[in-house]
Amino acid sequence: MPPKKRKADAPPQELDGEEWAGGELSDEDTFKKLEDKFSLANQKTFREIDGASRLFAHDQIEQALKPDHASRPMWVVEDGKIILESFSPLFAEAQDFLINIAEPISRVSRMHEYSLTAHSLFAAVSVGHTPDEIINRLEKYSKVILTASVVNFIKKSSAAYGKAKIVLKKTLSYIESDDPALLRRLLQDPVISSSVADQNATLITEAAPKLGKMMIPGTKMAAGANQVAQPVSTEEVTKAPDDMIAALREDDEEEEEEVQVHSFQIRSEAREAVIKQCWEIGYPLTQEYDFNNDTENPNLDIDLKPHAQIRYYQEKALSKMFSNSRARSGVIVLPCGAGKTLVGITAACGVKKSCIVLCNSTMSALQWRSEFLKWSNINSEDIAVLTSMEKNVFPHSAGILITTYHMLAASGKRAHDTDKALNFIKGREWGLLIADEVHIIPAAMFKKVTYAVASHCKLGLTATLLREDDKIGTLNFLVGPKLYEANWQELSQQGHIAKVQCAEVWCRMTPEFYKEWLDTAGANSPKKQLLAVLNPYKFQACQFLINYHAQRGDKIIVFSDNVYALEKYGKKIGMPFISGNTSQEERLVILENFQHNDKIHTIFLSKIGDTSLDLPEATCLIQISSHYGSRRQEAQRLGRILRAKRRNDEGFNAFFYSLVSKDTDEMQYAARRQTFLVDQGYAFKIITKLEGIEDREDLFFRSLEDRKELLTEVCLAKESDAAEERIAGDSFSTNLKKRRKKGARRAAGTLADLSGGTGMSYIEYGKNPNHQVKKNKGIKSGFLRKLNSSHTNAKKRRAAGD
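Here UniProt numbering is used: position 300 in the sequence shown is 300, and no number is missing along the way.
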């Protein structure tokens, strides 16, 4: 039933109070109406406007200010939007409270914006906040009196918490509640009733388990508990009289009545639909795992090593996950370099059950394995990696298994070893599923992974909870609500991540390149994009910035989505480049030299470096081309230089440059790409002219002849050269779009397209990295051959001198 429309002539506040609180609508309709009004999707239209304009999209003149409003730190707007003043003396106290009850939208230097949502209030109640407490504290901090709509929304959302939950028993999914009438009401819904596994079955009744206790590993409290806990000698314990024990037991039996729970089974593949439908009818399902009382699944002997101490924000994030001695499913958002992997490892140490980790690449899977061995005391035999080249599973009853989304999502005929490993995964219960880079799960090809793996608890980790296709909201039903999101600027000021200066450099087009750009048809033509990327003035700006930062001792990464341009830049400047066509052997050699060889101060990377690449030495990033207006890619690339730096320079210690060709589509895309980082508090400095660039005689393409020669090469380039790189498993690639019906069509391509090699070039081989680094024979890269030759000649000269 759609919500009733407002009357245009009625005061909004009066309607909110009478219509919503008066009980004219049913509980389901009331909750739906409130949830719709306070949803982030409802505010989407305002987010299409620039960051400043959307704050003034509502007229708040009817909300009277309190007499002492100047001393209060926040505005609570009628639709649940909250504006917090970061310069208020009460800022820190108010911020800690808002993190628990609302979702952060924008956190710039002076003003922070939050939004009350059903999911955020649901999470708040789960960690112990009551509706009255939330309302009273908002009244305490608010400059204006809370409207009736806000108060009613908080009460309705909070009241829905805990009435029903979804649990896993012996790999099967059940909807559980202590109220059988509620379950019968749910079964009357057509979506839920059609998802029931056995249409003829009745409700299952059993005794409810008791809550246990736990402490989060890696915290000071946990470390103190381990030191204090000492075995008590049984000889020193004096036995109590039997009659006293009997009397105490009788009292306990009188006080504790056995609580029963009722449940019905649903099909595993219908989990998402059922969870979503329960939200829509006003009975959101709790997704919790009582691991302390799970006797069906064997425990895993794992704990953090003594030297592992998690930071305060990691502890905050984990405290949202582990509430009421249970593990809640959900998503934790931390910036790159802030220790997401350690958060996942600590969660696994807390649950102490079999854990499966899903990664987006083999390189990432190998990094997770090494991090588990570094931070935890797990036996190396109990941790296995399952990739295209390694088909390992752990031999004992419990363990850690790390694999990729593609290993589980790919369909078709599999090798015998692969099928055996996949059956091992799907035929058992997992205590915890950790989804790294969780934002890719809503993609159609990965969605089925969430119900193919029978896991009691799901933890999603990401730095960028963003998708350009508006499917990010489905994570609430596939994984769980957002549990915690860190403040990037706060972590930067405290030294946990680097302090980054962001700049957008405008590079005017040369006349001949701009004329060709205007004459090229098609707004998204690959040739048109290539002309903007290989703009000679952009080339000079890139070269100038590389020289400047190399003299400062910086390590520089240059990103380009276009491989043709990437190779042009790399070969001309004389520095190595890595793309999807680069072999694993060459990648390891290049990355090792970048990290340890002072002569290799710059590397050029295609989009394969956007994620799963740990280069803490990098202090400068230059972006010469990108994937249209992708906000997520912009944040991921910034993350390559976000890891805390060894040197403690005053002010900024890392630099991010985005080079755009002026008066082209690149400027429009750049503005959109930056919106997420701007909401995280980063300010982009616009540079229209690099001081001193005109005085540099060593820059390329200074003469008209050189520029015309470059233009000729660009014009003669094939369409396949001008197109973006396509990598199997890359979430930006067009191969993730819906498959069209088969048919004959004409398309530019390469021999790899005919041989089936497209999308298979980016394969991570699970060999010993040290062995691969030593085995340098047959390296095809001219740069590496030259580098090896110089090392050989140097050895010969030293030998001759001796």
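Cβ atoms here follow ideal geometry from the backbone N, Cα and C, with glycine treated the same way. It should be emphasised that the depicted structure is a prediction, and the values quoted were computed from it without experimental measurement.
Inside the stretch 453-501 only - beta strand (DSSP E) runs reaching at least 3 residues: DSSP runs (the beta strand (DSSP E)) wholly in the stretch 453-501: 455-462, 482-485.
DSSP bridge partner residues for Trp-517 (one or two, in chain order): Answer is none; Trp-517 lacks a bridge partner.
Backbone CA spacing between residue 812 and Thr-582 [nearest angstrom]: Residue 812 lies beyond the residue range present for the chain, which begins at 1 and ends at 802; the question has no answer from this structure.
Beta-carbon contacts of Ala-124 that lie in its chain and below 7 Å, excluding the five residues immediately before and after: Cβ contact annotation for Ala-124 (same chain, cutoff 7 Å, sequence separation greater than five): Asn-100, Ile-101, Ile-134, in chain order.
Reduced DSSP secondary structure (H/G/I, E/B, other) of Arg-328: When secondary structure is reduced to three states using DSSP, Arg-328 falls in the strand class.
Segment limits, beta strand (DSSP E) that includes Arg-637: First-last for Arg-637: 631-638, but that is the alpha helix (DSSP H), not the beta strand (DSSP E).
Simplified DSSP state of Thr-346, which is helix, strand or coil: Looking at Thr-346 - three-state DSSP - the assignment turns out to be helix.
Separation of Thr-464 from Glu-485, as counted between CA atoms: Cα to Cα, the separation comes out at about 10 Å.
Local Cβ density within 10 Å of His-119, reported as buried at 16 or more and exposed below that: With 16 or more other Cβ atoms inside 10 Å of its own Cβ, His-119 counts as buried.
Member of Cys-502, Lys-499, Phe-372, Ala-532 whose CA lies at the smallest distance from the CA of Glu-512: The candidate whose alpha carbon is nearest that of Glu-512 is Ala-532.
When Ala-317, Leu-613, Lys-420, Lys-448 are compared against Glu-390, the one with the closest alpha-carbon: The shortest Cα separation from Glu-390 among Ala-317, Leu-613, Lys-420, Lys-448 belongs to Lys-420.
Met-760 in three-state terms, based on DSSP: The predicted model places Met-760 with a pLDDT of 40, which falls under 50 and marks its position as unreliable, so this point remains unresolved.
Arg-107 in three-state terms, based on DSSP: Correct three-state label for Arg-107: strand.
Helix, strand or coil at Ile-624 [DSSP, three-state]: Reduced to three states, the DSSP call for Ile-624 is coil.
Gln-63, DSSP secondary structure in three states: Gln-63: coil per DSSP, three-state reduction.
Residues of its chain near Thr-688, where Cβ-Cβ distance is below 6 Å and the 5 sequence neighbours each way are ignored: Sequence-distant Cβ neighbours of Thr-688 in its own chain, meaning closer than 6 Å and more than five residues away, are Trp-506.
Cβ-Cβ separation, Lys-352 to Ile-434 (assumed contact under 8 Å), whole Å: About 14 Å separates the beta carbons of Ile-434 and Lys-352, which is beyond the 8 Å limit, so they are not a contact pair.
Other residues of its chain near Val-773: CB distance less than 7 Å, five sequence neighbours each side excluded: Reliability of the predicted coordinates at Val-773 is poor, the pLDDT of 40 falling under 50, and the value obtained from them is presented with this limitation in mind. Here the set comprises Leu-588, Val-589, Glu-592.
Whole-Å CB distance - Glu-371 paired with Thr-341, under 8 Å assumed: Confirmed, Cβ separation roughly 5 Å.
Per-residue burial, Thr-450 [other beta carbons within 10 Å of its own, 16 or more giving buried]: Burial call: buried.
Continuous beta strand (DSSP E) stretch holding Ser-661: start and end: According to the DSSP assignment, Ser-661 belongs to the beta strand (DSSP E) that extends over 654-661.
Beta-carbon proximity list for Leu-670, same chain, < 7 Å, skipping 5 on both sides: Here the sequence assigns Ala to residue 670, which means Leu is not the residue at that position. Within the same chain, Ala-670 has close Cβ partners Glu-504, Ser-658, Val-660.
Lys-685 in three-state terms, based on DSSP: Lys-685 falls in the strand class under three-state DSSP.
Continuous alpha helix (DSSP H) stretch holding Asp-436: start and end: First-last for Asp-436: 430-436, but that is the beta strand (DSSP E), not the alpha helix (DSSP H).
Exposed unless 16 or more other CB atoms sit within 10 angstroms - verdict on Gln-674: With 16 or more other Cβ atoms within 10 Å, it is buried.
Rounded distance between the beta-carbons of Phe-322 and Gly-350, thought under 8 Å: Right, the Cβ-Cβ distance comes to about 6 Å (below 8 Å), so this counts as a contact.
Best match in Leu-138, Lys-645, Asp-179 for proximity to Phe-655 [C-alpha to C-alpha]: The shortest Cα separation from Phe-655 among Leu-138, Lys-645, Asp-179 belongs to Lys-645.
Helix, strand or coil at Lys-260 [DSSP, three-state]: In the sequence as displayed, the identity of residue 260 is Gln instead of Lys. Three-state result, Gln-260: strand.
Contact belief for Leu-466 with Arg-631 at Cβ below 8 Å, rounded distance in angstroms: Indeed they touch by this definition, with Cβ atoms about 5 Å apart.
Other residues of its chain near Leu-613: CB distance less than 7 Å, five sequence neighbours each side excluded: In its chain, beyond the 5 residues on either side, Arg-640 have a beta carbon closer than 7 Å to the beta carbon of Leu-613.
Contact the stretch 358-367 vs the stretch 521-531: 3+ CB pairs below 8 Å: In this structure the stretch 358-367 does not lie against the stretch 521-531, because fewer than three pairs of beta carbons, one per stretch, are closer than 8 Å.
Check whether Leu-84 and Ala-94 have beta carbons under 8 Å apart: Closer than 8 Å, so yes.
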